[in-house]
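Below: one structure, written as structure tokens.
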Amino acid sequence: MATKYTVDATDKTLGRVATIAASYLMGKNSAEFVKNKVFDVKVEIINASKTKFTERRMKETLHERYSGHPGGLKFSTNEEIIKKKGWAGLYGLAVYGMIPGNKLRSKIMKNLKVTE
Numbered sequence: 002m003a004t005k006y007t008v009d010a011t012d013k014t015l016g017r018v019a020t021i022a023a024s025y026l027m028g029k030n031s032a033e034f035v036k037n038k039v040f041d042v043k044v045e046i047i048n049a050s051k052t053k054f055t056e057r058r059m060k061e062t063l064h065e066r067y068s069g070h071p072g073g074l075k076f077s078t079n080e081e082i083i084k085k086k087g088w089a090g091l092y093g094l095a096v097y098g099m100i101p102g103n104k105l106r107s108k109i110m111k112n113l114k115v116t117e
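In this note's numbering, the protein residues as written are 2 to 117.
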């Protein structure tokens with residue numbers, strides 16, 4: 002049976018909430034924690050749109066993507082990501098960067114759910 006955690010993002014910063022979610026997803030709070038195992042844990046972030054965010058951070062923080070082709074480096078701000086993918090896309094990027102970059106990363110990320 003999957004353990005389910007709910008993280009409320011109301012009046013908290015993006016990084017603090019993402020850190021909590023990432024540690025739950027990796028199973029760091031479990032006594033049986035091992036790095037090479039995906040734990041049966043579901044994490045839901047609620048009230049994502051009520052996250053404490055400054056106007057400056059909305060417009061000036063840049064996220065980069067690279068297509069692999071010459072001239073394929075693109076930048077987008079937090080504001081653009083929220084318009085295109087919603088708050089779930091922004092939280093997904095934050096948590097994705099906090100999980101180890103191995104072959105378990107995509108399996109772990111499937112256990113994250115973000116609701117606005």
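Positions of the beta carbon are idealized from the N, C-alpha and C atoms, including for glycine.
Remember, predicted model here, so these are calculated numbers, not experimental data.
Exercise. Can you name, in chain order, every residue of its own chain whose Cβ lies under 7 Å from the Cβ of Asn112, other than the five neighbours on each side?
Worked result: Only Leu26, Val42, Lys43 and Val44 meet the Cβ criterion.
Exercise. Taking three-plus beta-carbon pairs below 8 Å as touching, is the segment 60-79 in contact with the segment 2-11?
Worked result: With a cut-off of 8 Å on Cβ pairs, the segment 60-79 is not in contact with the segment 2-11, counting fewer than three such pairs.
Exercise. Does the segment 8-15 come close enough to the segment 29-42 to have 3 or more Cβ pairs within less than 8 Å?
Worked result: no
Exercise. Between the Cα of Asn48 and the Cα atoms of Thr20, Ser31, Tyr92 and Leu105, which residue gives the shortest distance?
Worked result: Tyr92
For this session: Could you give the DSSP three-state label for Glu65: helix, strand or coil?
Result: strand
Exercise. Excluding sequence positions up to five away, which residues of its chain have a Cβ less than 8 Å from the Cβ of Leu63?
Worked result: So the qualifying residues of the chain are Phe76, Ser77 and Thr78.
For this session: Say yes only if the C-beta of Met2 is nearer than 6 Å to one or more non-hydrogen atoms of the ligand COA, and no if none qualify.
Result: For the ligand COA, the structure offers nothing, since it holds no ligand at all.
For this session: Would you grab the beta carbon distance between Val8 and Thr52 for me? Rounded to a whole angstrom, and I think it's under 8 Å.
Result: Going by Cβ atoms, the distance from Val8 to Thr52 rounds to 11 Å, so no, they are not a contact pair.
Exercise. Which of helix, strand or coil does DSSP assign to Lys36?
Worked result: coil
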